[in-house]
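Just below is one structure, and these are the notes that go with it.
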Amino acid sequence: MGVFENPSFCLSGFCLFMHKHDLVYLTEDASHDAAIEHINEEAFGPGRHTRAAARIREQGPHDLSLSFICADDGETIASVRMTPVMAGDVPGHLLGPLAVRPSHKNRGIGRELVRIAVEAAKRNGSEAVILVGDPPYYGPLGFEKVAYNALTFPGPVDPGRVLVVPLGEDVHGRLKGTIGWRK
Ligand SMILES: CC(C)(COP(=O)(O)OP(=O)(O)OC[C@H]1O[C@@H](n2cnc3c(N)ncnc32)[C@H](O)[C@@H]1OP(=O)(O)O)[C@@H](O)C(=O)NCCC(=O)NCCS
4 MGVFENPSFC LSGFCLFMHK HDLVYLTEDA SHDAAIEHIN EEAFGPGRHT RAAARIREQG
64 PHDLSLSFIC ADDGETIASV RMTPVMAGDV PGHLLGPLAV RPSHKNRGIG RELVRIAVEA
124 AKRNGSEAVI LVGDPPYYGP LGFEKVAYNA LTFPGPVDPG RVLVVPLGED VHGRLKGTIG
184 WRK
């Protein structure tokens with residue numbers, strides 16, 4: 004379509020054409036692997052594999068059906084993954100990594116990916132969505148602090164950054180013990 008066929012705004016013969024971005028949110032599949040690897044490398048660097056949450060992800064695969072990407076005009080520019088975990092006696096999901104390419108930050112894409120992933124987990128019967136992250140970012144998205152040191156990760160974590168969206172009964176009371184990958 005020619006640019007003059009699709010004016011966004013016209014006044015007194017003057018037309019303003021908005022740059023069009025086609026953002027789509029899709030369930031992750033294997034074709035996204037290389038782009039996601041690049042996004043996470045760019046966001047977290049080589050040290051990302053040593054983090055406690057990454058060690059859980061090394062224990063088993065993430066759940067493709069609950070993991071999502073955002074694409075802009077066909078290019079994958081953001082990703083969130085969800086890994087099934089047992090946390091104490093709560094069958095839930097570990098959210099992360101969440102990353103948005105620098106070119107696309109601060110447009111609400113990260114928040115939207117979190118919202119979609121939490122909704123999908125809820126529909127799937129997950130009892131909790133857990134992550135290690137910044138409370139000021141995740142708090143407004145429904146995440147609450149887990150009691151200090153209630154969960155033992157396979158590596159050190161800052162206990163003030165362990166957060167949960169409780170989806171089942173008495174989740175906070177049951178989040179006690181180790182957290183690890185589950186089938
Ligand atoms: C964190 C990240 C996923 C946010 O994605 P995004 O699409 O840019 O974020 P959104 O557009 O949804 O939200 C932007 C808002 O969050 C704020 N924000 C971003 N990162 C934040 C953080 N770590 N702590 C608190 N607020 C944060 C921004 O300042 C902005 O605030 P505003 O709406 O008041 O202007 C993205 O910056 C990123 O990929 N960072 C590098 C990887 C990372 O740190 N991932 C999270 C691991 S816990």
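Going by the numbering used here, the sequence shown opens with residue 4, and the numbers climb by one from there.
All residues carry an ideal CB built from backbone N, CA and C; glycine is no exception.
Among residues of its own chain, excluding the 5 on either side of residue i, which ones have a beta-carbon nearer than 8 Å to its beta-carbon?
i	result
Val135	Arg54, Ala55, Ala56, Gly99, Phe156, Val160, Asp161, Arg164, Val165 and Leu166
Glu44	Arg51
Ser106	Ile80
Which one or two residues does DSSP pair with residue i in a beta bridge?
i	result
Leu154	Gly180
Glu147	Val167
Gly95	Val88
Val27	Ala74
Val83	Phe71 and Leu101
Assuming contact is defined by CB atoms lying nearer than 8 Å, are residue i and residue j in contact in what I supplied?
i	j	result
Met85	Leu69	yes
Ala131	Gly171	yes
Thr79	Ala38	yes
Leu67	Glu40	no
Can you list, in chain order, the residues of its chain whose CB lies under 7 Å from that of residue i, leaving out five sequence neighbours each side?
i	result
His65	Arg84, Met85 and Thr86
Asn152	Pro162
Lys108	none
Could you name the residues of the same chain whose beta carbon sits closer than 6 Å to that of residue i, not counting the 5 residues immediately before and after it, in chain order?
i	result
Val103	Ala81, Ile112 and Gly113
Gly158	Ala55 and Arg58
Phe146	Leu166 and Val168
Val27	Ala74
Val121	Val132 and Val168
Gly63	Trp184
Asp25	Asp76
Query raised in the report: Considering only residues of the segment 54-81, which uninterrupted alpha helix (DSSP H) runs meet the minimum length of 4 residues and lie entirely inside it, listed in chain order?
Result: 55-61
Query - Given 8 Å, three or more beta-carbon pairs between the segment 87-99 and the segment 172-180 - result: yes
Query raised in the report: Going along the chain, which unbroken runs of the alpha helix (DSSP H) with 4 or more residues stay wholly within the segment 103-142?
Result: 112-126 and 138-141
Report task. Taking 8 Å as the threshold, find out whether the segment 63-83 comes into contact with the segment 97-114 through three or more Cβ pairs. Result -> yes
Query raised in the report: For the 8 Å Cβ check, are there 3 or more pairs between the segment 139-151 and the segment 117-129?
Result: yes
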